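Residue numbers for the sequence shown, in the UniProt record's numbering: 1 to 62.
Quick reminder that beta carbons are idealized off the backbone N, C-alpha and C, glycines included.
Nothing here was measured: the structure is a model prediction, and the numbers come from that model.
Heads up: the structure comes next, in structure tokens.
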Amino acid sequence: MDTWVNWRKSTYSGGSGGQCAEIGQRPDGSAVAIRDTKTPDQEHLPFSRSEWNAMLGAVKGH
1 MDTWVNWRKS
11 TYSGGSGGQC
21 AEIGQRPDGS
31 AVAIRDTKTP
41 DQEHLPFSRS
51 EWNAMLGAVK
61 GH
């Protein structure tokens, strides 16, 4: 089973059910994933912890 925990969305997301994404992590913290809040049971986009940190660094740098 593909286990992810602590799914959460940005505090900037509204409560109207719009276009929101959530992030979750593996129980051991080794990986992070992004999923669509409208379809939480569907596929998600996983990242290793190092890939996630690199992506955040790139986003914060722009």
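Any idea what DSSP makes of residue i, helix, strand or coil?
i	result
N49	Sequence check: residue 49 is Arg here, not Asn. The answer is helix: DSSP assigns R49 an H, G or I state.
K9	strand
D41	coil
G24	strand
Between the C-alpha atoms of residue i and residue j, what's the straight-line distance to the nearest angstrom?
i	j	result
K9	E43	17 Å
R49	I23	12 Å
K38	C20	8 Å
Is residue i buried or exposed, if buried means 16 or more other CB atoms sit within 10 Å of its CB?
i	result
V5	exposed
V59	exposed
Can you give the beta carbon distance from residue i to residue j, rounded, assuming they're within the 8 Å contact cut?
i	j	result
A54	P46	Not really, about 14 Å apart at Cβ, beyond 8 Å.
Leaving out five residues before and five after residue i in sequence, what residues of the same chain have Cβ atoms less than 8 Å from its Cβ?
i	result
P27	T3 and V5
S30	S48 and R49
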